[in-house]
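Structure first, then comments.
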Amino acid sequence: MKHHRNNKLTHLIRFFGTEMVLGKDAIRETSKRDRSEVPGFFKGRLFADVSAGAVQKMIDGLASGMKNKRNYRNTFHALFEFALKRNHYTAINFRYPNPMSALPTYHKRNGEIIYLNEGQIDEVLHILEQSPQIRLAAALMIHAGLRRSEALWLRCQDVSADLKFLSVVDKTDERRNVESSLKTGGRSVPILPPLRAILEPYLAVPGASWLCHSPEGYQWDGDNFGARHRKSLASAGLSHTCL
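The numbering used here applies: residue 672 is where the sequence shown begins, and numbers increase by one.
Structure, rendered in structure tokens:
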């Protein structure tokens with residue numbers, strides 16, 4: 672436990688500096704190197720000024736492996752979780768209260784996220800025309816900014832009668848007795864014209880209660896959907912995926 676605490680302290684000192692973390696007159700009773708003052712990467716004075724971008728810039732500049740960078744990421748995420756719970760930090764983005772959630776996870780399997788341009792979006796949606804449920808889920812992720820899990824947990828009743836907004840809220844799949852767990856919390860999401868153009872004819876055809884249901888009409892498991900989505904695009908020579 673002491674080893675982990677020292678590591679976390681080292682992470683914070685590297686970013687904030689010795690004086691801000693330990694105090695101006697603090698002396699660490701270890702080696703001469705440990706007693707030397709670290710100026711810190713962060714040049715501000717207020718905790719509220721700390722941004723995910725600044726933390727990521729420091730982490731990305733470390734001459735260390737992915738595991739160490741992941742440990743840094745976890746330290747700062749835990750720091751802000753603590754600050755939020757103790758009211759030492761006021762969230763300015765209610766969709767992502769902890770700003771460190773925006774940091775990369777620093778897992779080797781994670782590649783760079785590349786967003787599709789307009790031409791690529793049209794191509795993807797055209798390829799998926801033979802798979803209406805997958806196409807709609809893709810459109811929800813593209814045009815409404817939903818996560819895959821959020822799109823797959825929508826019911827038809829979550830679409831407003833005038834097709835102006837979606838209600839993204841936690842719900843239960845009674846068949847499996849499983850509850851959704853939305854990371855972003857409940858909210859209303861406007862339906863933009865490109866999404867409405869896909870959604871309106873889709874809703875005109877009677878179907879299951881789940882908006883983007885599985886071929887059997889059930890709530891679609893995220894991993895199974897992801898595999899089917901990748902297979903559909905791979906058949907056309909595309910390697911896009913979804914989060």
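Even glycine gets a Cβ: it sits at the ideal position worked out from N, Cα and C. All figures in this text were calculated on a predicted structure; none of them were measured in a lab.
As a beta-bridge residue in DSSP terms, E850 pairs with T843.
DSSP places V795 in the uninterrupted alpha helix (DSSP H) bounded by E789 to I798. When C-alpha distances from V830 are compared across R685, G790, G888 and C883, the shortest belongs to C883.
The continuous stretches of alpha helix (DSSP H) do not include R858, which lies in the beta strand (DSSP E) extending over residues R858 to P861.
The count of Cβ pairs closer than 8 angstroms, one atom from the region 796-810 and one from the region 828-844, stays below three, leaving the stretches out of contact. In this structure, the straight-line span from the alpha carbon of A879 to that of K679 is close to 49 angstroms. F836 carries a strand assignment under DSSP once its states are collapsed to helix, strand and coil.
Counted as a single uninterrupted DSSP element, the stretch harbouring V709 is not any alpha helix (DSSP H), since DSSP gives it neither H nor E.
By the Cβ-count criterion, Y777 is buried, with 16 or more other Cβ atoms from all chains shown falling within 10 Å of its own Cβ. Look at the beta carbons and you see the region 754-771 touching the region 711-727: at least three pairs across the two are nearer than 8 angstroms. Residue environment for F747: buried (at least 16 other C-beta atoms within 10 angstroms of its C-beta). The three-state secondary structure of R757, taken from DSSP, is coil. Under the DSSP assignment, S903 falls in the alpha helix (DSSP H) whose first and last residues are G893 to A905. The beta-carbon separation of G897 and R847, rounded to 18 angstroms, does not stay under the 8 angstroms limit for a contact.
Among the bridge pairs identified by DSSP, V830 is matched with L837.
The criterion of a C-beta distance shorter than 7 angstroms is not satisfied by Q727 and L683. From the listed residues N788, F718 and E789, the smallest Cα separation to Y760 is found for F718. With respect to the 7 angstroms criterion, M729 and F686 are classified as neighbours on the basis of their beta carbons.
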